[in-house]
Each structure stands twice: as structure tokens, then as C-alpha cells.
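Peer 1: Attaching a single structure in C-alpha cells format; questions to follow.
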Amino acid sequence: MWKFIGLSNYISLNLETDLTRIIWNTIVYAFVGSAVPLVLGMSIALLVNSLKGLLQRIISTILIIPMLILPVVGGIVWSFMLSEHYGWFNHFISMFGFKPQAWLMTPYSLWFVILTDIWGWTPWVFLIIFAGLQQLDPSIKDAASIDGASGFSRFRYVIFPMIRNLTLLVFILKLVDTYKAFDYLWVMTEGGPGTYSTTLNIIAYKYLTIYRDVGMASTFGVISMVFPILASLTILIISRGR
Amino acid sequence: MNINSVLFWMSRVMVLLILLSWTLIPLTWFFMMSFTTYGGLPRGFELPRIITLDSYKAVIFGEYSVLPGIRDSILFASACIMLVFLGSLTTAYASSRMRGRFTKITNSFLLIIRGVPYVGIGIPYYLMFKDWQLLDTVWAPAFALTTIALPTAVWILRQFIDQIPREYEEQAEVDGASFFNVYFRVVLPLMQPGLATIFILTFFTSYNHYVFNLMLSRGLFSPVAVKVAGFATELTVRWSEMAAASVIAVIPMILFFTFFGKYLVRGVASLGVGVKG
């Protein structure tokens, strides 16, 4: 039932004219979708950490709700909020005189999916970094402020070095996860319009389910392995240099 | 209080308000939606025109009942947690303590596996489980998800074991403990924060998991993610039922987090501060 066809799947990749865009989309999604939540999540964690008592508990609980909701639902909700006639987003921008559009049907659809991804996964980064910050001894911070360190330099030279490894760990896990993100993309746009929001993971799934071509799907699977392998090799080389 | 500190205080309140609304606006919308019907969908900033509990009735007792989905999700999460624990407890210990020529390479290989796209894992598993007639059982998606969750668990657990001083084990060996005694009596109790962490993280990944349940099931085994996504069909989206179903589906997650959240904080704390990366 299986026939060996050599490299012809890889050769027929030439026919996939949008391959460059798909790879570019994957990389943009992975980096923007992991760097923004990292910075945002860390800032939120620092801000919430400076609050006190009950207020801190309430706010931190509210902020992690998007993580607990099904990603599928988050995607559907956002796609409704971005829809042309019903969506709050369009009502909001039309107050400033912009024209309402079905944003997920425009070439910018990828950015709106990334926005949703940031909404959904910043809480994860926040939760872990906040947990790390909670354990820091407050007297260290107090000592730094008595020595006259300002807010930013206190963060840069006192707090950050202590949570640096945790941050690195969160960033690596987030980068790998975002690289193969599927739920939001599939629910919100299915990669469309055209290939404007298609990533390698989506095109592979499309070949499997819509075009029923296991060979091509696996080919895209193999191609998307290249980036994780390169990343791991980089980590290996860096850690060997130490 | 001088003007600077007032400004600082006000800007902090502003930022917090923006953050809370950014988080809450989609959720509010969605909560509102669960109390209306298709005809009562609000346009823009309106309130729903019809308010009813019909959709809750439909998703609890009626034809769209989401309760079997929640049962399947919990079953799926338990299976994943079991498989991840079986695999990671010993692997992480080996990966932390054994030093060989290829240790570094195998350790970084763990992350490559996490980076494999879902389809790359799903296709072989689909063909295999079809032959073994395991499709539509909890094991097909659970094994597939374990392929991704296990390396991460090993990687995280290794960071915990790296922190346990080797002297403890050497001391136990000097006192005449066998290898398994050292592992079960000395190392395992010290790994507890790590075990709690991977327990919680695995639950988070598996309870809401979508792709493998979509690929490796033909509809008989359908956790909440698949069930809820099923409300959005090609022709129409059953908004109110979908919203009500997911409000109910999030309850186990919230309960879980209320009970186990503090262990995650402890686990992360012993992991985060001052460890080698």
C-alpha cells in the first residue's frame, strides 16, 4: 500500500508558491508570540508583586483566567469580537473614525491571531514569574532602595539576576510552544485568507485533512523540525562555551 | 505626598485598569453570551436583548450535554499524568545524574521533541492506533500528547534533581542502601516540589488539549475542547450554547487551580531562584 517515491515530495515543494511566506509567518508568530508575552508578563508580575494583600490576590486571580479558558473558546470569542457587524473591536475603532472591517479576512489576519495568542498566554508567563518573585526575600529589595537604587536599576541589578534562569526557562518553553501553535490559528482563520496566516503546522494539518496527502503533510512536518534542531544546537554550543 | 508620587500612583492605577479590562472584556462578552439566545445576540456595545437560562439547560441536561465531555477530559488528563509520571520519574534522574559522552546531546534532544509539530506525531500514531484499534479510546490521544509532555516534564524535573546535592545519595550508599533504596527513600522525597510542578503543568496542557483529540478520534471520545469547538460548524455558530458549555467546562480547571495552585508557586520557587539554566 505504501510506495517509495524518493525525494519527489520535497521537489514538489516548489509548487507550493507561498512556502517563503509560510516559513516567515511561522517565525514571526513564534518570536512575536513569545517575546511580547514574556516582556508583558514580567512587567505585570512586577506590578502585581508591588501590590499588597487582598488586592494582590484578587488581581492575580483575575489575570490568569484567560489561561484556564479553553484556547478553542478564546479563539472563537476573539474572532467574534473582531467580526464586522457584531464585534466590539470594530465598534471601538469606529468611534475614532476608522472603517469597520472583517479583520480576520484581511492580510493582517496573522497579527490578530498573534494578539489573541498574547491575550491567552501572557497569564502563563505572568503566573510563573510571579511565583518566582513571591519567593524573593523582600529585605534584599529594601536594602537596595536604602542604598539609593532607583526603580529600574533595582530591577536590572537586583531582581532580574535572581529570576534570570526562571525567565530563560519560561522563554524557551514559550518559544517552542508558540512555534507549533495550532488552536488559535485553526479556530480563527484556518490559515486564511489564502496563506496570509498559514504556518508550517497549519499547512501540514491542511495537507493531512483537506488534501488527504500524508506524504506532503509529513514533508512539511520534517521541514518544521529544522528550526527546533537549529535552536537546540545553538543552546548546545552556547552551553558548551561556558 | 508630593506631586511625583501622586502621578506615579495614578499611572499605576491606570495601567492596572487597562490590564484588567484587556483581560476581562472578552470574558465579559462571553459570559453575557451564555445567557442569551441566537436571536438575542448583541451588536457592538449593546446588552443582549433576551436573557434566559435555556442554553445552560441545553448543555447540562439537554441534547448538547457537555458533562460527558468533562468526564472524557478528566479521564484524558489522568491518563496523560499517569504516563508522564511513569516516564519522567526515572528518566529525569538518569538524565541528571549520568555523565556520558552523549548526555549533553540527549538532553538538548529533549527540547527538539517538544518542537515537533502535532501533525508529525499525529500521523504515525493515527496509522498505528488504527491497526491496533485504539482510536476512540483515551489511550490514542494520551500517548500522543505524552510524546510532547514527557520531554518537557523530564527537562523540568531534571532542573529539580540537579539541585539535590549528590552527597545525600553518596551518604546513603555508604550506609549500605541499595540503588533502589537510594532512589525511593532519598531522591524521591526530595523531588516532591518538582513532582507537584509537573503534575500541575501536565494537567494544564492536557485538560484543554485540542489537536490530538481531533486527529485521533472519530467522535466517540470527545473531551471538552472538541465538544465545544463542535458548536461552531461550517454554517452557523451556536454562540449561547458554546458560551454556556465553556463556562461549565472551566469549572474543573478553576477548582484544580484553587486546590493545587499554591504547590505550583512552591515548585516554581524552588526551581527559579538561583538555578543553573
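Protein sequence lines correspond, in order, to chains A and B.
For the first sequence, counting from 1, position 233 maps to 233 in the numbering used here; every step adds exactly one.
Add 1000 to the 1-based position in the second sequence for the numbering used here, that's all there is to it.
Don't be surprised by glycine CBs; every beta carbon is placed ideally from N, CA and C.
Note that the structure is predicted; figures quoted are calculated from it, not measured.
Check whether the segment 1090 to 1102 of chain B touches the segment 1153 to 1161 of chain B, taking contact to mean three or more Cβ pairs, one atom from each stretch, closer than 8 Å.
Peer 2: With the cut-off at 8 Å, the segment 1090 to 1102 of chain B and the segment 1153 to 1161 of chain B touch.
Peer 1: Closer than 8 Å is the cut-off here; do at least three beta carbon pairs connect the segment 1199 to 1214 of chain B with the segment 1013 to 1026 of chain B?
Peer 2: Taking 8 Å as the limit for Cβ pairs, the verdict is that the segment 1013 to 1026 of chain B does not touch the segment 1199 to 1214 of chain B.
Peer 1: Using a Cβ-Cβ cutoff of 9 Å, what residues of the segment 1094 to 1120 of chain B are near chain A? List them in chain order.
Peer 2: Of all residues in the segment 1094 to 1120 of chain B, K1104, I1105, N1107, S1108, F1109, L1110, L1111, I1112, I1113, R1114, G1115, V1116, P1117, Y1118, V1119 and G1120 have a Cβ within less than 9 Å of some Cβ in chain A.
Peer 1: If you measure beta-carbon to beta-carbon, which residues of the segment 212 to 232 of chain A are closer than 9 Å to chain E?
Peer 2: The chain inventory of the structure shown lacks chain E, comprising the protein chains A and B.
Peer 1: Could you tell me which of A/V125, A/I202, A/M105 and A/D183 sits nearest to A/L166, measuring between CA atoms?
Peer 2: For the purposes of this step, residue 166 of chain A is taken as the residue at position 166 of the first sequence. Checked all of A/V125, A/I202, A/M105 and A/D183; the closest Cα to A/L166 is A/V125.
Peer 1: Taking three-plus beta-carbon pairs below 8 Å as touching, is the segment 67 to 77 of chain A in contact with the segment 180 to 188 of chain A?
Peer 2: Yes: at least three Cβ pairs fall under 8 Å.
Peer 1: Would B/M1014 count as contacting chain A if we go by Cβ distances under 7 Å?
Peer 2: Taking the second sequence and counting its residues from 1, the one referred to as residue 1014 of chain B is at position 14. Output row for B/M1014: interface = no.
Peer 1: Can a CB atom of chain B be found closer than 7 Å to the CB of A/P66?
Peer 2: In the first sequence, counting from the first residue as 1, residue 66 of chain A sits at position 66. It does: the Cβ of A/P66 has a partner Cβ on chain B nearer than 7 Å.
Peer 1: Rounded to a whole number of angstroms, what is the C-alpha to C-alpha distance between A/A144 and B/K1262?
Peer 2: Here residue 144 of chain A refers to the residue found at position 144 of the first sequence. Here residue 1262 of chain B refers to the residue found at position 262 of the second sequence. In a straight line, the C-alpha of A/A144 is about 28 Å away from that of B/K1262.
Peer 1: Measuring only the C-alpha atoms, how far is B/G1277 from A/I172?
Peer 2: Numbered from its first residue, the second sequence carries residue 1277 of chain B at position 277. Numbered from its first residue, the first sequence carries residue 172 of chain A at position 172. Unreliable positioning characterises B/G1277 in this predicted model, as indicated by a pLDDT of 35, which lies under 50. The coordinate reading is nonetheless provided below. Using only the alpha carbons, I get a separation of about 10 Å.
Peer 1: Distance cutoff 7 Å, beta carbons only. Does A/Y108 sit that close to anything in chain B?
Peer 2: Position 108 of the first sequence, counted from the first residue, corresponds to residue 108 of chain A. Output row for A/Y108: interface = no.
Peer 1: So what does DSSP say about B/V1066, is it helix, strand or coil?
Peer 2: The sequence position of residue 1066 of chain B within the second sequence is 66, counting from 1. Note: B/V1066 maps to coil in three-state DSSP.
Peer 1: Could you check what DSSP says for B/G1274 in three-state terms: helix, strand or coil?
Peer 2: To locate residue 1274 of chain B, count along the second sequence from 1; it is residue 274. Model confidence at B/G1274 stands at a pLDDT of 44, short of 50, so the residue's coordinates are unreliable and nothing is read from them.
Peer 1: Quick one: residues in its chain with C-beta nearer than 6 Å to the C-beta of B/A1243, no 5 flanking neighbours on either side, listed in chain order?
Peer 2: Start at 1 with the first residue of the second sequence, and residue 1243 of chain B comes out as number 243. Hits under 6 Å: F1030, M1033 and S1034.
Peer 1: Buried or exposed, going by whether 16 or more other CB atoms sit within 10 Å of the CB of B/S1073?
Peer 2: Numbered from 1 along the second sequence, position 73 holds the residue referred to as residue 1073 of chain B. By the neighbour-count rule (16 or more Cβ atoms within 10 Å), B/S1073 is buried.
Peer 1: Could you confirm whether any beta carbon from chain B is found closer than 7 Å to the beta carbon of A/G97?
Peer 2: On the first sequence, residue 97 of chain A is found 97 positions in, with the first residue counted as 1. Chain B contact via Cβ: absent.
Peer 1: At the 7 Å Cβ level, is B/M1253 part of the contact set with chain A, yes or no?
Peer 2: Residue numbering aside, residue 1253 of chain B sits at position 253 when the second sequence is read from its first letter. Closer than 7 Å: yes.
Peer 1: Going along chain A in order, which residues have a C-beta closer than 8 Å to the C-beta of B/M1000?
Peer 2: Past the boundaries of the shown model lies residue 1000 of chain B; chain B is included only from 1001 to 1277, so the question cannot be answered.
Peer 1: Rounded to whole angstroms, what's the CA-CA distance from B/V1247 to A/V39? Just pull it up for me.
Peer 2: Looking up residue 1247 of chain B in the second sequence gives position 247. Looking up residue 39 of chain A in the first sequence gives position 39. Near 30 Å, if we compare the C-alpha coordinates of A/V39 and B/V1247.
Peer 1: Quick one, which residues of the segment 1017 to 1036 of chain B are near chain A if we go by CB-CB under 9 Å, in chain order?
Peer 2: Going along the segment 1017 to 1036 of chain B in chain order, one finds L1019, L1020, W1022, T1023, L1024, I1025, P1026, L1027, W1029, F1030 and M1033 with a Cβ nearer than 9 Å to chain A.
Peer 1: With a threshold of 16 other CB atoms inside 10 Å of the CB of A/G120, please say whether the residue is buried or exposed.
Peer 2: For the purposes of this step, residue 120 of chain A is identified with residue 120 of the first sequence, where counting begins at 1. Burial call: buried.
Peer 1: Starting from the beta carbon of B/F1257, find every residue of chain A whose beta carbon is closer than 7 Å, and list them in chain order.
Peer 2: By one-based count along the second sequence, residue 1257 of chain B stands at place 257. Chain A residues near B/F1257: L68.
Peer 1: Can you find the residues in the same chain that come closer than 7 Å, C-beta to C-beta, to B/R1166, ignoring five residues on each side of it along the sequence?
Peer 2: If you number the second sequence from 1, residue 1166 of chain B lands on position 166. No residues qualify anywhere along the chain.
Peer 1: Between which residues of its own chain and B/G1274 is the CB-CB distance below 6 Å, once the five residues before and five after are set aside?
Peer 2: Position 274 of the second sequence, counting from 1, holds the residue named residue 1274 of chain B. Only weak support is given to the placement of B/G1274: the predicted model assigns it a pLDDT of 44, under 50, and the value that follows is read from those uncertain coordinates. Cβ within range, chain order: n/a, list empty.
Peer 1: Would you list the one or two residues that DSSP bridges to B/A1232?
Peer 2: For the purposes of this step, residue 1232 of chain B is identified with residue 232 of the second sequence, where counting begins at 1. BP columns for B/A1232 point to B/V1237.
Peer 1: With respect to the alpha helix (DSSP H) encompassing A/F80, which residues constitute its N-terminal and C-terminal limits?
Peer 2: Here residue 80 of chain A is taken as the residue at index 80 of the first sequence, counted from 1. Looking at the DSSP string, the run of the alpha helix (DSSP H) that includes A/F80 is P71 to M81.
Peer 1: Distance, Cα to Cα, A/Y262 vs A/A217?
Peer 2: The question about residue 262 of chain A has no answer here: the residues shown for chain A are numbered 1 through 242.
Peer 1: Taking B/F1076 as the reference, give the member of B/T1233, B/V1186, B/A1140 and B/D1162 with the closest Cα.
Peer 2: Within the second sequence, the letter at position 76 stands for residue 1076 of chain B. Nearest of B/T1233, B/V1186, B/A1140 and B/D1162 to B/F1076, Cα basis: B/A1140.
Peer 1: In its own chain, which residues sit with a C-beta less than 8 Å from the C-beta of B/A1177, not counting the 5 before and 5 after it?
Peer 2: As a first step, residue 1177 of chain B is located in the second sequence; it is residue number 177 there, counting from the start. R1185 and V1186, listed in sequence order.
Peer 1: For B/G1100 and B/T1106, I'd like the C-alpha separation in whole angstroms.
Peer 2: Position 100 of the second sequence, counted from the start, is the residue given in the question as residue 1100 of chain B. Position 106 of the second sequence, counted from the start, is the residue given in the question as residue 1106 of chain B. So the two alpha carbons sit approximately 10 Å from each other.
Peer 1: Is there a Cβ of chain A sitting closer than 7 Å to that of B/V1275, yes or no?
Peer 2: One-based indexing of the second sequence puts residue 1275 of chain B at position 275. Confidence in B/V1275 is poor, its pLDDT being 40 and thus under 50, which makes the residue's placement unreliable; the coordinate value appears in the next sentence. Yes, its Cβ sits closer than 7 Å to a Cβ of chain A.
Peer 1: Does DSSP classify A/S8 as helix, strand or coil?
Peer 2: By one-based count along the first sequence, residue 8 of chain A stands at place 8. Note: A/S8 maps to helix in three-state DSSP.
Peer 1: Does any residue of chain B bring its CB to less than 7 Å from the CB of A/F182?
Peer 2: By one-based count along the first sequence, residue 182 of chain A stands at place 182. Yes - at least one Cβ of chain B is within 7 Å of the one on A/F182.
Peer 1: Terminal residues of the continuous alpha helix (DSSP H) containing A/L46?
Peer 2: Numbered from 1 along the first sequence, position 46 holds the residue referred to as residue 46 of chain A. Per DSSP, A/L46 belongs to the alpha helix (DSSP H) from L19 to N49.
Peer 1: Out of A/Q134, A/A231 and A/K206, which has the shortest C-alpha to C-alpha gap to B/I1123?
Peer 2: Start at 1 with the first residue of the second sequence, and residue 1123 of chain B comes out as number 123. Answer by Cα proximity: A/K206.
Peer 1: Can you give the beta carbon distance from A/Y179 to A/I114, rounded, assuming they're within the 8 Å contact cut?
Peer 2: In the first sequence, residue 179 of chain A corresponds to position 179, counting from 1. In the first sequence, residue 114 of chain A corresponds to position 114, counting from 1. Not a contact, Cβ separation roughly 13 Å.
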